[in-house]
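Trainee: When we follow the UniProt record's numbering, the leftmost residue of the sequence shown carries the number 1, and every step to the right adds one.
For every residue, glycine included, the Cβ atom is placed at its ideal position computed from N, Cα and C.
As the structure is a computational prediction, the values presented were derived from the model and not from experiment.
Dropping a structure here in structure tokens format, bear with me for questions.
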Amino acid sequence: MADVLTRFNSGKLWEFDGGIHPPDMKSQSNKKPISTLPLPQDFYVPIKQHAGNAGNVLVKRGDHVLKGQPLTQGDGLRALPVHAPTSGTVIDVLPYVAAHPSGLPEMSIHIKADGLDQWCEQNPIDDFLTQTPEQLVEKIYQAGIAGLGGAVFPTAAKLHSAEKQVKLLIINGAECEPYITCDDRLMRDYADEIIEGIRIIRYILRPEKVVIAVEDNKLEAVSALERALHGANDIEIRIIPTKYPSGAAKQLIQVLTGMEVPSGQRSSSIGVLMQNVGTAFAVKRAVINDEPLIERVVTLTGDKIPHKGNYWARFGTPIYHLLQQADYQYDQRFPVFMGGPMMGFILPDLNAPLTKVSNCLLAPDHFEYAPPEEEKNCIRCSACSDACPVKLMPQQLYWFARSEDHEKAGEYSLKDCIECGICAYVCPSHIPLIQYFRQEKAKIWEIKHKAKLAEEAKIRFEQRQARLEREEQERKQRSQRAAAARREELAQQKGEDPVAAALERLKAKKAETPKIDQSKVKTIVDEKGQVLPDNSDIMAQRKARRLARQTEQAEHSSSQETEKTSDKKQGFLDVGVANGSEEASKSSGFTSTKTTALEDKKAAVAAALARAKAKKVAQQGEPTTTIEPKTTESAVDKKQRFLNVGSANGLEGVNKRTSELMNKNSDENTAEADPRKAAIAAAIARAKAKKAAQQDESVTSAEPKTTESAVDKKQRFLNVGSANGPEGVNKRTSELMNKNSDENTAETDPRKAAIAAAIARAKAKKAAQQAQQNEQH
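Here it is, written out as structure tokens:
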């Protein structure tokens, strides 16, 4: 650090290697003071106008904005905001052609001016010493100030990074490139404000020495600055020889101190910081006047521009508007350059807007501009390397750039190229070396940027994996702690470890499990020689169990079918008995005869069932008294009940049922002797017994009128019969006699006999099974 100040205080000026002395051509535009041009109707403000990241857009279509109002807001000192150049309405936020050699569009904010040029709310201060350095840096950042010497690096970030490291503060007023005079005129016309801005920067950085460096072709600017100092010696002005590119940062430091900035490092590493005079002026406006950076001085020069000079131009102003205000006449034969002839580039579209980097618009005619010469092969003359101010080898970098050998280009320090354009200016083969180098630097930057993003993604992934593993470990530890606490609690309560007890029980259970004697296991060998277990015994046992289940199911289903058949017959007989009395009074003589036959059959079936139940009870050892008395009623009782029904039906019923009973006496005796008929008769008897029981219950619950004697019933029957006359009695008696033979034929049906026999066998089998079960119990 001491070496820098010692060398500077010696007053000596050093030379840097290389450099040229082109015609300066500054007299075209530095004669008149800075003036102002009329504002355009439409502004296209790019959201990124500096070296860094773009901010977030704060406005949308249709918003009304005021002059100086922020349009974007960045996150960090490297993302500068941009501000509205005038008051008006936001038309749209859209990609618009940019002031760039590629001509590619950039995101811009289109503002329609309202003509009022109304400022937003401002808070100016009179004395910057009332603010802390941190507050001043923040104010500079919010004003969107970037380096106006050409690099457009964010000023607030530059001041913040070099705080408490600077011993020598250099204010660059060299402006070495031909044709450009914006800094010259700014020092002449606004020297007081420049000095005020330098003092603000000095207050922030607290350097030991401050110097303003101006080339010897700007003596009027030097005089203006001396007058603005009013004899103060806190800021020194030092005049340096005119040589291109003495205005470059590293070359100017070398001229003033004789020291070189190490490759890949900043000037602050040797205790030096540099700012442009235009940046110092912008700092003063931002801090004292509370004006954000929305305009700058632009040089309009070249023989194609009649009114050459320097003008205040708002950012976002279309370039063709500025040229028209200076009476420029478009000529497609001659391009327009943004910047000077050494470091500038041809504008592909004059609709591109003005930005913070725009310091000059050069429109040459045929005396100043000639079409580019045809590019020839490199002759290895070394003129480019001799003129290079940073001691590079442009002829080697040229081959590396053309072959896209990025590794070799990096080894030959392409990153140190300041793009001054001297190599292309002195090349006898007219090779546009500076264009090759710019493209190669852009490619290398893109590769490094992608690698950086990949590395950041890798770090994020590793951090995520570490976090997941850490969380998993924490979960396991919590589970282990909880389990240990639970075991301790249970151990205190029961005196044993539950986990250990569970393991002991599991071991004991395994020990109790019988082991299979492998010697007794039968095996067989298949065709392929594989040993397989012999499961024939198990399969035989399974087959026996399956056959037993099938036999049992078949017997059970047969019993169910037999019972269903008996129940169907019983239901059929019940329905017939229930409908007997009603049909006897309504139907013909055939119906009456059929009903009487069915009743006789029911009686026979009831008797057979009674005998079967008695036998079953005897086998089971139960008393026979469990059988209801109603089912064993005598023939006299049946006749009495029959007469009761007949008396209810009138004389015709008496005659009909009397003849039926007389004709069926022999048939009943025969049914008892025949086992098949006996089964059917037993079923009929059971139905009749059930019906008789129902009738007895109904008679018991009825009025005393229903308990009349047999003599009264006969008398009522005879009364009804006499009322109907002898014709009805004779008619029904003859019908019953004619139907006797048909009923006897139906009774001897072999199918009915077979059904009755099956029912009898099923019941007998069932009774035997129940008896066996009772004995077992």
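Please confirm whether Asp303 and Glu368 have their CB atoms less than 8 Å apart.
Mentor: yes
Trainee: Go to Pro394, then tell me how far its alpha helix (DSSP H) extends in each direction, as first and last residue.
Mentor: Counting along the chain, the alpha helix (DSSP H) containing Pro394 begins and ends at Pro394 to Ser403.
Trainee: Using DSSP with H/G/I as helix, E/B as strand and the rest coil, what is Asn9?
Mentor: Note: Asn9 maps to helix in three-state DSSP.
Trainee: Shortest alpha-carbon distance to Cys360 belongs to which of Met107, Cys182 and Arg78?
Mentor: Cys182
Trainee: Can you give me the Cβ contacts of Leu293 inside the same chain, cut-off strictly under 6 Å, excluding the 5 residues immediately before and after it?
Mentor: Ala143, Gly144, Ile145 and Ala282
Trainee: Only counting the same chain, and skipping five residues up and downstream in sequence, which positions put a Cβ closer than 8 Å to that of Asp63?
Mentor: Thr89 and Val90
Trainee: Is the beta carbon of Ala248 closer than 8 Å to that of Cys381?
Mentor: No. Outside cutoff.
Trainee: Which full runs of the alpha helix (DSSP H) of 4+ residues lie inside the stretch 81-131, going along the chain?
Mentor: none
Trainee: Beta-carbon within less than 7 Å of Lys139's beta-carbon, same chain only, minus the 5 sequence neighbours each way: which residues are those?
Mentor: Ala286 and Val287
Trainee: Within its chain, find whatever has a CB closer than 6 Å to the CB of Ile194; leave out the 5 residues flanking it on each side and keep chain order.
Mentor: Val277, Ala280 and Phe281
Trainee: Which residues does DSSP pair with Thr355 in a beta bridge?
Mentor: For Thr355, which the question treats as bridged, DSSP gives no partner whatsoever.
Trainee: Where in the stretch 292-351 do unbroken runs of the beta strand (DSSP E), each at least 3 residues long, occur, reported from the N-terminal end onward?
Mentor: 295-301 and 309-314
Trainee: Quick test of your reading: Leu77 and His160, contact by CB under 8 Å. State the CB separation rounded to the nearest angstrom.
Mentor: Going by Cβ atoms, the distance from Leu77 to His160 rounds to 6 Å, so yes, they are a contact pair.
Trainee: If we ignore side chains and look at the alpha-carbon of each, how far apart do Ile684 and Ala757 end up?
Mentor: 15 Å
Trainee: Could you give the distance in angstroms between the alpha-carbon of Lys448 and the alpha-carbon of Gln275?
Mentor: 28 Å
Trainee: Going straight from the alpha carbon of Gly19 to that of Gly115, what length do you get?
Mentor: 47 Å
Trainee: Please specify which runs of the alpha helix (DSSP H), each continuous and at least 4 residues long, are wholly inside the UniProt domain "4Fe-4S ferredoxin-type" (408-437), giving them in chain order.
Mentor: 422-426
Trainee: Which of the three DSSP states, helix, strand or coil, is assigned to Asn172?
Mentor: strand
Trainee: Quick one: is Ser108 buried, meaning 16 or more other Cβ sit within 10 Å of its Cβ, or exposed?
Mentor: Residue burial is scored here from C-beta neighbours: Ser108 has at least 16 other C-beta atoms within 10 angstroms and is therefore classed as buried.
Trainee: How many Å lie between Gly589 and Ala548 at the Cα?
Mentor: Interpretation of Gly589 is limited by its pLDDT of 42, a score under 50 that renders its predicted location unreliable; the figure taken from the coordinates is listed afterwards. Cα-Cα distance, rounded: 56 Å.
Trainee: With respect to the beta strand (DSSP E) encompassing Val210, which residues constitute its N-terminal and C-terminal limits?
Mentor: Lys209 to Glu215
Trainee: Should residue 839 go down as buried or exposed, given a rule of 16 or more other Cβ atoms within 10 Å for buried?
Mentor: Because the chain spans 1 through 777 in this model, residue 839 falls outside it and cannot be assessed.
Trainee: Tell me which residues share the same chain as Ala409 and place their Cβ nearer than 7 Å to its Cβ, disregarding the 5 neighbours each side in the sequence.
Mentor: Leu397, Phe400, Ala401, Glu440 and Ile444
Trainee: For Ala98, is the classification buried or exposed, using 16 other Cβ atoms within 10 angstroms of its Cβ as the cut-off for buried?
Mentor: Classification for Ala98: buried.
Trainee: Examine the Cβ distances between the stretch 461-472 and the stretch 429-437 and report whether three or more of them are shorter than 8 Å.
Mentor: Because the criterion of three Cβ pairs below 8 Å is not met, the stretch 461-472 and the stretch 429-437 do not touch.
Trainee: Just mark Phe461 as buried or exposed, buried being the case when its beta carbon has 16 or more other beta carbons within 10 Å.
Mentor: Classification for Phe461: exposed.
Trainee: How about Leu433: is its C-beta nearer than 8 Å to some C-beta of chain B?
Mentor: Annotation note: the requested chain B is absent from the structure, which comprises a single protein chain.
Trainee: Is it true that the CB of Leu205 sits closer than 8 Å to the CB of Asp166?
Mentor: This sequence places Val at residue 166; Asp is not what is there. In this structure, Leu205 lies closer than 8 Å to Val166 by Cβ.
Trainee: Assign Thr72 to one of two classes, buried (16 or more other C-beta atoms within 10 Å of its C-beta) or exposed (fewer than that).
Mentor: buried
Trainee: Would the beta-carbon of Val137 fall within 8 Å of that of Val82?
Mentor: no
Trainee: Where do the ends of the beta strand (DSSP E) carrying Phe281 lie?
Mentor: It is not in any beta strand (DSSP E) - Phe281 instead sits in the alpha helix (DSSP H) that spans Val277 to Val287.
Trainee: Keeping to the same chain, check which residues put their C-beta closer than 6 Å to that of Pro33; ignore five residues upstream and five downstream.
Mentor: Asp189
Trainee: Cα separation between Arg238 and Lys284?
Mentor: Straight-line Cα distance between these residues: approximately 22 Å.
Trainee: My understanding is that Asp290 touches Asn172, with C-beta atoms under 8 Å, so please give their C-beta distance in whole angstroms.
Mentor: Between Asn172 and Asp290 the Cβ distance is about 26 Å, and since that is not below 8 Å, they are no contact.
Trainee: Tell me the rounded alpha-carbon separation between Leu453 and Ile379.
Mentor: 41 Å
Trainee: Thinking C-alpha only, which one of Asn351, Pro70, Lys543 and Gly339 is nearest Gln324?
Mentor: Asn351
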